[in-house]
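So the protein lines, in turn, are chains W and H. Residue numbers for the first sequence follow the working numbering, so the first one is -7 and each next one is one higher. Residue numbers for the second sequence follow the working numbering, so the first one is -7 and each next one is one higher. Note that CB positions come from ideal geometry on N, CA and C, so glycine has one too.
Number of protein chains: 2
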Amino acid sequence: MKNYDKTKVEEGARTELHDKLHLTGAEVSVNCLPAGACVPFVHSHKQNEEIYAVIGGAGKAVIDGEEIALAAGDWLRVSPAAKRQFFAADNAELKYICIQVKAGSLEGYTSADAVI
Amino acid sequence: MKNYDKTKVEEGARTELHDKLHLTGAEVSVNCLPAGACVPFVHSHKQNEEIYAVIGGAGKAVIDGEEIALAAGDWLRVSPAAKRQFFAADNAELKYICIQVKAGSLEGYTSADAVI
């Protein structure tokens, strides 16, 4: 495998990066829900932890029935089994990154995994 | 473990999310290099793939001696063994997210891992 891959994410509804970047430890998507829209289903995961970063706009998540307000700068970890759904605000789009990783897969990190 | 965690990332030099969000499959950091600054060392990793997202400003990465221009919207995957260093532009800060995951750890994802 090449030592790196690069791609440019244009503004749009949804860009999935696993295949574009040849990722092996995560799937990452960049998403934009228009004002008033929502992801049209509730879902959970078998193995994967999800990490969400709100990079613009506003909205909410509903996780196991609990409403969580979201605005730019907010980050969430969601356990695999939690039932989740995402909504843009009525008057603002919701721009977010979703990172899927296998729960429990990380061993060392930062100084414990780095070679300087 | 709680079914989710939430945190707000304020503007600043560097915020590490592993402990704040109780992540188990990734470390994520949100970073801002001031104009003219760089990460003051070259590093590689033992096990971890890194994924970088440029969320504002401009700069460059040097990966195994190759210069890669960076601007908002750019995403990179960097293999564990690649030697990397990041630089802000002389006249712009470089705001970026760094995601560390164990290379090869992802099994199913999206529709293969979801329960709807």
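Beta-carbon neighbours of residue i, restricted to chain W and to distances below 7 Å
i: Asp66 of chain H; result: Lys(-2), Lys0
i: Arg69 of chain H; result: Tyr(-4), Asp(-3), Leu13, His14, Leu15
i: Gln77 of chain H; result: None at all; the shortest Cβ gap to chain W is about 11 Å.
i: Glu59 of chain H; result: None at all; the shortest Cβ gap to chain W is about 12 Å.
i: Gly96 of chain H; result: Thr16, Gly17
i: Leu9 of chain H; result: Trp67
Cβ-based neighbour list, residue i, same chain, cut-off 6 Å, excluding 5 preceding and 5 following
i: Leu9 of chain H; result: Val20
i: Gly49 of chain H; result: Ala84, Glu85, Leu86, Lys87
i: Phe79 of chain H; result: Cys30, Gly51, Lys52
i: Asp56 of chain W; result: Ala74, Lys75
Span separating the alpha-carbon of residue i from that of residue j
i: Asp11 of chain W; j: Gly17 of chain W; result: 12 Å
i: Ala106 of chain H; j: Leu13 of chain W; result: 22 Å
i: Glu59 of chain W; j: Val46 of chain W; result: 15 Å
i: Ile43 of chain W; j: Gly28 of chain H; result: 31 Å
i: Phe37 of chain W; j: Val54 of chain W; result: Rather than Phe, the amino acid found at residue 37 of chain W in this sequence is His. Answer to the nearest angstrom: the Cα atoms are 15 Å apart.
i: Pro26 of chain H; j: Ile108 of chain W; result: 22 Å
i: Arg69 of chain W; j: Leu15 of chain H; result: 7 Å
i: Trp67 of chain W; j: Val1 of chain H; result: 7 Å
i: Glu99 of chain H; j: Glu3 of chain W; result: 28 Å
i: Lys(-6) of chain W; j: Lys(-6) of chain H; result: 38 Å
i: Ser103 of chain H; j: Pro32 of chain H; result: 41 Å
Selected residue, minimal CA-CA separation from residue i, among the options
i: Ile91 of chain W; options: H:Ala95, H:Tyr101, H:Ala84, H:Asn83; result: H:Tyr101
i: Ala64 of chain H; options: H:Lys75, H:Ala81, H:Arg76; result: H:Ala81
i: Gln77 of chain W; options: W:Val34, W:Lys(-6), W:Met(-7), W:Glu3; result: W:Val34
i: Asp(-3) of chain W; options: H:Ala61, H:Asp(-3), H:Pro32; result: H:Ala61
Close Cβ partners of residue i (< 7 Å) along its chain, the five nearest in sequence each way excluded
i: Asn40 of chain W; result: Pro72, Gln92, Val93, Lys94, Ala95
i: Ile7 of chain H; result: It should be noted that the sequence gives Thr, not Ile, for residue 7 of chain H. Cβ neighbours of Thr7 of chain H beyond the five flanking positions: Val1, Ser21, Val22.
Spatial neighbours of residue i in its chain, beta-carbon cut-off 8 Å, leaving aside the 5 residues before and after
i: Ala5 of chain W; result: Asn23, Cys24
i: Thr(-1) of chain W; result: Leu9, Lys12, Leu13
i: Ser97 of chain H; result: Gly17
Within chain W, the residues that residue i reaches when beta carbons sit closer than 8 Å
i: Phe33 of chain H; result: Ile108
i: Gly49 of chain H; result: Chain W residues near Gly49 of chain H: none, gap ~14 Å exceeds 8 Å.
Within chain W, the residues that residue i reaches when beta carbons sit closer than 9 Å
i: Glu85 of chain H; result: Under the 9 Å cutoff, chain W gives no residues; its nearest Cβ is about 16 Å from Glu85 of chain H.
Check: residue i C-beta below 7 Å from any heavy atom of the ligand GTP
i: Thr7 of chain W; result: Looking for the ligand GTP in the displayed structure turns up nothing, as the structure carries no ligands at all.
Interface partners of residue i on chain H, CB under 9 Å
i: Lys52 of chain W; result: Near Lys52 of chain W there are no residues of chain H at all, since even the closest Cβ is about 11 Å away, more than 9 Å.
Beta-carbon neighbours of residue i, restricted to chain H and to distances below 7 Å
i: Asn40 of chain W; result: Tyr101, Asp105
i: Asp82 of chain W; result: Within 7 Å Cβ-Cβ: nothing; Asp82 of chain W doesn't reach chain H, min ~21 Å.
i: Ala74 of chain W; result: Asn(-5), Tyr(-4)
i: Ala5 of chain W; result: Going along chain H, no residue has its Cβ under 7 Å from Ala5 of chain W, so there is no contact; the nearest lies around 15 Å.
Beta-carbon neighbours of residue i, restricted to chain H and to distances below 8 Å
i: Val27 of chain W; result: In the sequence as displayed, the identity of residue 27 of chain W is Ala instead of Val. Residues of chain H passing the Cβ test: none, with the nearest at roughly 22 Å.
At 4 residues or longer, and completely inside the region -4 to 51 of chain H: list those alpha helix (DSSP H) runs for me, N to C. 10 to 13
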